[in-house]
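In full-length UniProt numbering, the protein residues as written are 1 to 243.
Here it is, written out as structure tokens:
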């Protein structure tokens with residue numbers, strides 16, 4: 001029996017998350033799509049358009065890894081924003097097709113990547129140099145979290161993905177030199193979750209309790225703040241952005 005690698009596991013996460021996202025999208029009527037999302041300035045149409053064009057952008061990274069030809073995710077931040085606006089204005093059927101077809105194309109592009117090209121270096125939209133294996137995790141983040149934006153719940157996200165998302169948030173904060181004076185204490189995880197301390201400013205941390213899914217929803221900006229363990233009179237600090 002072949003060994004299941006970390007990459008295999010993340011590809012499975014990506015495919016499972018894509019399936020959840022497509023189900024959430026299918027559950028929305030065309031009228032629903034025009035309603036607001038929880039993201040400032042975006043309707044659910046914007047979320048769907050972003051997910052579709054993100055798959056195309058990551059396919060460009062797969063091409064870069066496979067061929068060595070530099071094909072960035074986006075030509076500029078302005079071009080990315082304009083593309084999302086254009087996608088949000090598509091007829092509903094075309095928008096749904098964009099999401100489904102771009103996801104399938106990305107799956108095929110990654111499946112076609114030779115084994116010796118998975119460590120080829122590409123660049124994220126923020127300019128960070130990463131191996132091609134990171135493309136899979138970048139897509140995992142998108143499909144699972146935006147499935148929640150489209151109506152799924154963080155309780156639908158597998159425990160291993162919840163843990164990886166929480167760790168990703170803290171890693172992003174640390175990379176940017178940001179943080180929050182909190183200590184995470186989920187009832188359904190061991191002490192020290194999600195595997196690294198929360199970057200902070202050195203003040204006494206506020207202990208935050210809940211379950212791991214709810215805390216991760218909060219860390220990613222998708223759930224309401226939990227109640228701090230200190231009770232009434234204890235306030236939570238503002239969290240830095242994730243991505």
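Glycine residues also receive a C-beta, built at the ideal position from the N, C-alpha and C atoms.
With a 10 Å radius around its C-beta and 16 neighbouring C-beta atoms as the bar for buried, classify residue i as buried or exposed.
i, result
"residue 97", "exposed"
"residue 179", "buried"
"residue 132", "buried"
"residue 94", "exposed"
"residue 18", "buried"
"residue 102", "buried"
"residue 2", "Low confidence applies to residue 2: its pLDDT is 48, below 50, so where it sits in the model is not reliable, and the reading given next is rough at best. It is exposed - the Cβ of residue 2 has fewer than 16 other Cβ atoms within 10 Å."
"residue 217", "buried"
"residue 69", "exposed"
"residue 246", "What the structure shows of the chain is the stretch from 1 to 243, and residue 246 is not part of that stretch, so it cannot be assessed."
"residue 62", "buried"
"residue 188", "exposed"
"residue 10", "buried"
Taking residue i as part of the beta strand (DSSP E), name the residues at either end of that continuous run.
i, result
"residue 151", "Unbroken run through residue 151: none, as it is neither H nor E."
"residue 210", "206-210"
"residue 18", "Run containing residue 18: none in the beta strand (DSSP E); it sits in the alpha helix (DSSP H), 6-26."
"residue 131", "129-131"
"residue 123", "121-123"
Going by CA-CA distance only, name the one from the options that's closest to residue i.
i, options, result
"residue 37", "77, 222, 18", "222"
"residue 100", "65, 56, 80, 85", "56"
"residue 124", "20, 136, 29, 25", "136"
"residue 211", "237, 54, 43, 225", "225"
"residue 53", "134, 192, 88, 66", "88"
"residue 64", "184, 109, 84", "109"
"residue 42", "76, 146, 121", "146"
"residue 185", "213, 48, 176, 158", "213"
"residue 244", "183, 163, 5", "Not covered by the structure: residue 244. The range shown for the chain is 1 to 243."
"residue 31", "92, 114, 82, 153", "92"
"residue 177", "113, 190, 242", "242"
"residue 192", "166, 154, 204", "166"
"residue 122", "83, 183, 73, 112", "73"
"residue 90", "79, 48, 5, 104", "48"
Residue j and residue i - do their beta-carbons sit closer together than 8 Å?
i, j, result
"residue 34", "residue 45", "yes"
"residue 239", "residue 215", "no"
"residue 181", "residue 151", "no"
"residue 58", "residue 138", "yes"
"residue 198", "residue 170", "yes"
"residue 156", "residue 20", "yes"
"residue 71", "residue 60", "yes"
"residue 144", "residue 7", "no"
"residue 51", "residue 134", "no"
"residue 174", "residue 107", "no"
"residue 149", "residue 39", "yes"
"residue 205", "residue 183", "yes"
"residue 130", "residue 13", "no"
What residue does the alpha helix (DSSP H) around residue i start on, and which one ends it?
i, result
"residue 116", "From DSSP, residue 116 is part of no alpha helix (DSSP H); its letter is neither H nor E."
"residue 33", "30-33"
Residue ranges of each alpha helix (DSSP H) within the region 48-109, 4 or longer: 77-88
Ranges of the beta strand (DSSP E) found wholly within the region 169-218, counting only runs of at least 3: Within the region 169-218, the complete beta strand (DSSP E) runs of at least 3 residues are 182-186, 206-210.
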